[in-house]
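Protein sequence lines, in the order shown, are assigned to chains L, B and A.
My numbering puts the first sequence at residues 1 to 365.
My numbering puts the second sequence at residues 366 to 689.
My numbering puts the third sequence at residues 690 to 993.
Ideal placement from N, C-alpha and C gives every residue a C-beta, glycine not left out.
Before any comments, here is the structure.
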Amino acid sequence: MNRRSAQPILTWTEGPEADVPLSVRDLWVEYRAPRGAVKAVRGASFDLYKGETLSLTGESGSGKTTLALSLIRLLPRSANVRKGQIIYRRDGQEYDVLSLDAGDLRQFRWKECAMVFQSALNAFNPVLKIWDQMYDTVKAHDHSEREEVRRRALDLLRLVQLEPERVINAYPHELSGGMRQRVLLAMSLLLNPQVIILDEPTTALDILTQRTIIDLLRKLKEELGFSMVFISHDLSLAAELADRVATMYAGRVVEVGNVYEIFYRPKHPYTLGLIKAVPTVTGGFQELASISGSPPDLINLPTGCKFHPRCLYAMERCREEEPELIPATKGHLVACFCWEQVQADWDREWQQREPEAMEVAWPRS
Amino acid sequence: MAEKLIELDHIGRTFGQGKQKVRAVDNVSLTIKERDILCLVGESGCGKTTTGRIAAGLLRPSEGRVLFQGQDVWAMERKEFKRYRKAVQIVHQDPYASLNPTHTVYKILSAPLLRHNLVTNAREARLKCAQLLEIVDLTPPGDFLDKYPHQLSGGQRQRVSVARALTVNPSFIVADEAVSMIDVSIRASLLGMLSRLREQFGVTFLFITHDLALAKHFAWEHTIAVMYVGSMVEIAPTPQLIDEPLHPYTQALLVAIPEADPHLTRNKPRVSLRSMDVPSLLNLPSGCRFHPRCPRFVEGLCDQQAPDLVPVGDGRYVACHRVS
Amino acid sequence: MAQQSVSLYQRTGIEWLRDFLRGIGSFLKLIASNRVGLLGFIMVIFFIVLSTVGPRFVPLDTKTKVTQIYVPPSREHPLGTDHQGRDIWSQIVHGGKDILYVAFLTGLISTFIGVVLGSLSAIIGGGFDSLMTTLADIWLTIPQFPLLAVLAGFIRLDSLSLLALILAVLSWAGLFRAVRAQVFSLKERDYVEAARALDLGLRHIVFSEILPNMMSYIAISFTFAMTSAIYAQTSLVFLGLVPISTSNWGVMISLAWTRGAIFSKDSIYYIMSPIMAIALLQLALVWMGRSLEAVFNPRLRAGG
Numbered sequence: 001m002n003r004r005s006a007q008p009i010l011t012w013t014e015g016p017e018a019d020v021p022l023s024v025r026d027l028w029v030e031y032r033a034p035r036g037a038v039k040a041v042r043g044a045s046f047d048l049y050k051g052e053t054l055s056l057t058g059e060s061g062s063g064k065t066t067l068a069l070s071l072i073r074l075l076p077r078s079a080n081v082r083k084g085q086i087i088y089r090r091d092g093q094e095y096d097v098l099s100l101d102a103g104d105l106r107q108f109r110w111k112e113c114a115m116v117f118q119s120a121l122n123a124f125n126p127v128l129k130i131w132d133q134m135y136d137t138v139k140a141h142d143h144s145e146r147e148e149v150r151r152r153a154l155d156l157l158r159l160v161q162l163e164p165e166r167v168i169n170a171y172p173h174e175l176s177g178g179m180r181q182r183v184l185l186a187m188s189l190l191l192n193p194q195v196i197i198l199d200e201p202t203t204a205l206d207i208l209t210q211r212t213i214i215d216l217l218r219k220l221k222e223e224l225g226f227s228m229v230f231i232s233h234d235l236s237l238a239a240e241l242a243d244r245v246a247t248m249y250a251g252r253v254v255e256v257g258n259v260y261e262i263f264y265r266p267k268h269p270y271t272l273g274l275i276k277a278v279p280t281v282t283g284g285f286q287e288l289a290s291i292s293g294s295p296p297d298l299i300n301l302p303t304g305c306k307f308h309p310r311c312l313y314a315m316e317r318c319r320e321e322e323p324e325l326i327p328a329t330k331g332h333l334v335a336c337f338c339w340e341q342v343q344a345d346w347d348r349e350w351q352q353r354e355p356e357a358m359e360v361a362w363p364r365s
Numbered sequence: 366m367a368e369k370l371i372e373l374d375h376i377g378r379t380f381g382q383g384k385q386k387v388r389a390v391d392n393v394s395l396t397i398k399e400r401d402i403l404c405l406v407g408e409s410g411c412g413k414t415t416t417g418r419i420a421a422g423l424l425r426p427s428e429g430r431v432l433f434q435g436q437d438v439w440a441m442e443r444k445e446f447k448r449y450r451k452a453v454q455i456v457h458q459d460p461y462a463s464l465n466p467t468h469t470v471y472k473i474l475s476a477p478l479l480r481h482n483l484v485t486n487a488r489e490a491r492l493k494c495a496q497l498l499e500i501v502d503l504t505p506p507g508d509f510l511d512k513y514p515h516q517l518s519g520g521q522r523q524r525v526s527v528a529r530a531l532t533v534n535p536s537f538i539v540a541d542e543a544v545s546m547i548d549v550s551i552r553a554s555l556l557g558m559l560s561r562l563r564e565q566f567g568v569t570f571l572f573i574t575h576d577l578a579l580a581k582h583f584a585w586e587h588t589i590a591v592m593y594v595g596s597m598v599e600i601a602p603t604p605q606l607i608d609e610p611l612h613p614y615t616q617a618l619l620v621a622i623p624e625a626d627p628h629l630t631r632n633k634p635r636v637s638l639r640s641m642d643v644p645s646l647l648n649l650p651s652g653c654r655f656h657p658r659c660p661r662f663v664e665g666l667c668d669q670q671a672p673d674l675v676p677v678g679d680g681r682y683v684a685c686h687r688v689s
Numbered sequence: 690m691a692q693q694s695v696s697l698y699q700r701t702g703i704e705w706l707r708d709f710l711r712g713i714g715s716f717l718k719l720i721a722s723n724r725v726g727l728l729g730f731i732m733v734i735f736f737i738v739l740s741t742v743g744p745r746f747v748p749l750d751t752k753t754k755v756t757q758i759y760v761p762p763s764r765e766h767p768l769g770t771d772h773q774g775r776d777i778w779s780q781i782v783h784g785g786k787d788i789l790y791v792a793f794l795t796g797l798i799s800t801f802i803g804v805v806l807g808s809l810s811a812i813i814g815g816g817f818d819s820l821m822t823t824l825a826d827i828w829l830t831i832p833q834f835p836l837l838a839v840l841a842g843f844i845r846l847d848s849l850s851l852l853a854l855i856l857a858v859l860s861w862a863g864l865f866r867a868v869r870a871q872v873f874s875l876k877e878r879d880y881v882e883a884a885r886a887l888d889l890g891l892r893h894i895v896f897s898e899i900l901p902n903m904m905s906y907i908a909i910s911f912t913f914a915m916t917s918a919i920y921a922q923t924s925l926v927f928l929g930l931v932p933i934s935t936s937n938w939g940v941m942i943s944l945a946w947t948r949g950a951i952f953s954k955d956s957i958y959y960i961m962s963p964i965m966a967i968a969l970l971q972l973a974l975v976w977m978g979r980s981l982e983a984v985f986n987p988r989l990r991a992g993g
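In structure tokens, the structure reads:
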């Protein structure tokens with residue numbers, strides 16, 4: 001693979017670069033459409049740390065799926081990467097994903113970075129047995145022995161709590177939705193990738209099956225030690241699984257930080273709005289609050305900060321200038337001019353409502 | 366005590382024929398009182414939409430009766446049935462499919478007004494449409510009346526759907542996953558708008574959702590009914606159902622749902638089910654439908670006999686051999 | 690959101706006129722949105738103008754001029770002359786009207802039959818539906834053109850309208866099946882169910898909720914019905930199964946073939962002129978169909 005010329009890119013991250021397998025910097029992706037360019041991703045940046053789960057959260061149209069697809073260069077033809085960098089690191093080497101040639105890209109896709117899609121049924125070829133699909137996947141990327149591949153496939157199927165011998169000889173339609181999603185997981189792990197990208201992997205499943213997949217993901221990550229980018233519109237899945245959460249709005253990462261920081265001390269008005277809009281099941285009745293206005297039109301975006309038309313904190317500056325993602329506190333980045341005020345208001349509200357709860361939720365130690 | 370508005374009396378519905386026969390709803394009974402909210406909760410394919418369409422009179426049950434204000438709907442005379450038909454409206458899930466793409470908002474709203482002589486001329490119709498748009502918080506109405514559905518966002522379309530339902534002054538609205546496809550950030554205001562309809566106009570709701578958190582929020586002072594693979598497993602006032610669910614399925618569901626709160630969700634207890642697979646409607650398990658997965662399964666009882674939904678006090682009903 | 694504030698009340702007369710003109714403007718814009726479609730649209734207009742207004746300016750040349758047989762194209766005779774020295778261009782101008790009339794009428798009648806029967810079948814369902822589908826299936830297995838040829842032996846096809854009616858009746862089955870399938874899918878839409886719940890009546894459901902959503906489909910079917918009617922018609926005339934009473938392109942081909950092409954190479958302009966006219970008209974109709982889709986698609990119509 002191509003070695004990139006080393007240039008300092010990890011200005012936010014403390015610690016050695018080796019601990020960051022994937023970095024995205026200032027990525028811009030557009031789709032061609034009859035009405036004009038759809039600005040799906042607009043200057044998104046984030047780092048994925050080794051062994052962590054990073055949750056990309058945002059509503060429909062926030063650009064999270066486009067961002068994920070560009071990570072493994074699976075964008076549709078109508079998409080165009082305008083600029084930006086995607087840096088992949090392994091064993092002290094750095095690779096520029098956007099400039100990999102076809103051969104290297106194929107190596108990169110399953111061996112280094114695998115993706116699990118939302119719709120588990122479409123991901124399979126309906127006329128091939130699971131084993132054939134698994135073997136084909138490996139054959140295209142690796143030169144392992146057939147027997148060895150089979151052994152690994154069976155191990156992985158067992159790991160995702162399926163009956164390996166039965167499932168490996170089954171056709172996709174013979175499996176339930178939850179089973180197919182687990183087979184896909186096993187398949188993505190076949191070549192032992194360093195990074196796994198999951199795009200809404202549980203959206204089509206019922207709650208009880210979703211729970212088993214979540215628990216499974218946690219267990220797999222512990223045992224195999226990969227890093228995970230988890231894409232979901234569902235905040236509760238982020239709360240459940242993520243080590244860090246990145247909130248996206250109108251194609252940009254607007255806030256990223258430790259999961260507890262994000263949920264208990266959000267600094268971006270949009271993240272704050274989302275958290276206030278989602279009820280929990282357990283506990284008493286909670287007041288919910290909507291964010292006013294509608295999601296932005298990705299062809300005719302507002303000026304300045306794209307959230308300003310819906311933002312309670314918007315001021316003159318927000319209308320003119322788009323805020324950059326800057327470190328607010330250690331490891332917590334936010335793209336908002338008013339984050340200090342957002343946080344102060346949040347803290348006051350918590351103190352008034354549940355003075356002890358804050359200590360429990362976010363111990364000051 | 367409020368009057369009973371809608372009663373489903375042991376209804377069942379079978380689709381298809383021969384080997385492909387699907388029993389979508391089996392032996393479901395429900396009562397909804399005037400100005401009340403009943404949230405019907407269950408996974409996709411559990412029969413909750415079919416139940417909703419039967420309650421709205423859009424689908425005839427294969428067995429059982431639907432009572433509207435005490436009268437059997439399918440035994441009504443034509444005129445009576447039309448009155449019922451208009452009194453009961455439905456709001457669909459998909460805001461992109463529920464509005465005719467070739468009509469403007471004005472045309473969508475004015476058609477029922479003009480058809481049922483609720484207005485006398487076009488000028489009055491326009492005024493009435495504007496009022497309806499204001500009720501569903503689409504203001505100023507002038508901005509929306511002449512728009513086509515594709516010019517509106519999902520949330521706005523859903524509001525138009527609600528306004529369309531309101532044209533005929535319904536007393537009962539079946540909201541079938543009405544906010545599920547709407548972005549989280551604007552869901553709360555839609556729910557708020559629906560609650561206001563109940564308070565202002567006395568509309569009764571059958572609110573169908575797969576999201577227990579949403580049901581809890583919308584029906585906090587009302588009732589939740591939980592369905593599993595075509596049958597009713599538990600009905601209870603919302604706080605009780607959330608705090609101490611009785612049916613093993615409800616218990617498993619509550620524990621399995623991830624919460625938008627990291628401490629809360631990571632400290633939830635775990636329930637281990639006996640099987641991870643949802644039974645297919647084409648091949649239903651014998652006895653209690655939850656028995657292949659149920660952690661409290663008793664051999665010889667649960668797999669033999671289907672439990673009835675029985676009252677257990679405090680307005681609660683459970684269908685489980687192990688509870689009553 | 691509020692780019693334009695729309696009046697809440699009835700539109701005044703001037704506003705109505707303005708909106709009407711705007712509507713025509715956006716119609717033309719949509720036609721123009723597809724370049725091939727626009728070309729087809731212009732060509733169709735050209736043929737209509739040529740065949741309706743043209744004969745007033747170009748008198749039909751009926752005089753036999755022995756000195757001018759098979760003159761190649763010139764200023765005087767843009768397409769040359771025929772076996773009797775008559776101007777071909779004037780015959781082309783005069784020969785399109787009947788073709789267009791029959792094609793248009795056939796398209797109209799067959800689309801009407803297809804849409805009415807297809808919708809009824811889908812909406813009523815049950816026994817009526819199975820009966821209609823079986824009938825259509827049987828109909829589709831009958832070879833159309835030989836039947837037409839046989840029919841022409843029994844019925845005197847001297848009326849253009851009668852010809853159109855027969856052509857239309859023969860071709861109903863294909864469109865019937867297509868419309869039926871469309872209505873089946875459309876009637877399950879949520880907005881149709883909402884209309885049922887609002888008790889808007891069957892007529893409203895069919896004409897307001899279902900039909901407008903298949904207009905682009907119907908329009909395209911209409912153009913295809915027209916093209917097949919043109920072929921059927923010219924073939925009948927060419928084979929002499931329809932009495933030759935007026936001059937039309939089919940008659941021209943028939944004459945050019947029997948009186949000219951068999952004997953003389955010089956007749957190439959004579960036989961090619963009507964063939965090209967028919968081919969171009971067909972092409973124009975097919976191309977126009979592409980733009981019609983845009984016109985009837987509400988997403989494009991309102992210019993979101």
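With respect to chain L, the C-beta atom of L405 (chain B) has no partner C-beta closer than 8 angstroms. Under the 8 angstroms Cβ criterion, the region 256 to 276 of chain L does not count as touching the region 602 to 609 of chain B, having fewer than three qualifying pairs.
Exclusion of the five residues before and after K369 (chain B) leaves T396, I397, K398, E399, L432, Q434 and G435 as the residues of its chain whose Cβ lies within less than 8 angstroms of its Cβ. Between C404 (chain B) and A590 (chain B), the gap from beta carbon to beta carbon is short of 8 angstroms.
Counting only the Cα atoms, W976 (chain A) lies some 15 angstroms from L717 (chain A).
In the three-state reduction of the DSSP assignment, E148 (chain L) falls in the helix class.
Inclusion of V116 (chain L) and L198 (chain L) in the CB contact set at 8 angstroms is warranted, their separation being smaller than that value. Ranking A:R764, A:V742, A:L829 and A:P963 by CA distance to the CA of A867 (chain A) puts A:L829 first. Cβ neighbours of L288 (chain L) within its own chain (closer than 8 angstroms, five residues either side excluded): K276, A277, V278 and P279. By the rule that beta-carbons nearer than 8 angstroms mark a contact, A462 (chain B) touches chain A.
With its beta carbon less than 8 angstroms from one in chain B, L237 (chain L) belongs to the interface. With its beta carbon less than 8 angstroms from one in chain A, N465 (chain B) belongs to the interface. Assigned with DSSP and collapsed to three states, I844 (chain A) falls in coil, not helix or strand. Along the region 608 to 629 of chain B, there is no position whose C-beta sits under 7 angstroms from a C-beta of chain A. Looking at the DSSP output, D374 (chain B) sits in a beta bridge with B:R430. Taking each of B:H587, B:H628 and B:R661 in turn and checking the Cα distance to Q616 (chain B), the smallest one comes out for B:R661.
Between L618 (chain B) and L208 (chain L), the alpha-carbon positions lie close to 6 angstroms from each other.
The C-beta of V501 (chain B) comes no closer than 8 angstroms to any C-beta of chain L. Taking every protein chain shown into account, the CB of I299 (chain L) has fewer than 16 other CB atoms within 10 angstroms, so this residue is exposed.
Of all residues in the region 866 to 889 of chain A, only R878, D879, Y880, E882, A883, R885, A886, L887, D888 and L889 place a beta-carbon less than 7 angstroms from a beta-carbon of chain B.
Here T303 (chain L) carries a coil assignment [DSSP, helix/strand/coil]. Neighbours of A601 (chain B) in chain L, taken as residues whose beta carbon is under 7 angstroms from its own, are absent, since the nearest beta carbon is some 14 angstroms off. Secondary structure within the region 921 to 985 of chain A: the alpha helix (DSSP H) runs of 4 or more consecutive residues, fully enclosed, are 938 to 944 and 957 to 985 (chain order). Residues M732 of the same chain have their beta carbon placed closer than 7 angstroms to that of L969 (chain A), with the five preceding and five following residues left out of the count. Relative to the Cα of I419 (chain B), the nearest Cα in the group B:N486, B:A540 and B:Y513 belongs to B:A540. Assigned with DSSP and collapsed to three states, I607 (chain B) falls in helix.
Annotation: the continuous beta strand (DSSP E) that includes S232 (chain L) extends over S227 to S232. Remark: C-beta atoms of R979 (chain A) and V725 (chain A) approach each other more closely than 8 angstroms.
N632 (chain B) sits exposed, since fewer than 16 C-beta atoms from the chains shown fall within 10 Å of its C-beta.
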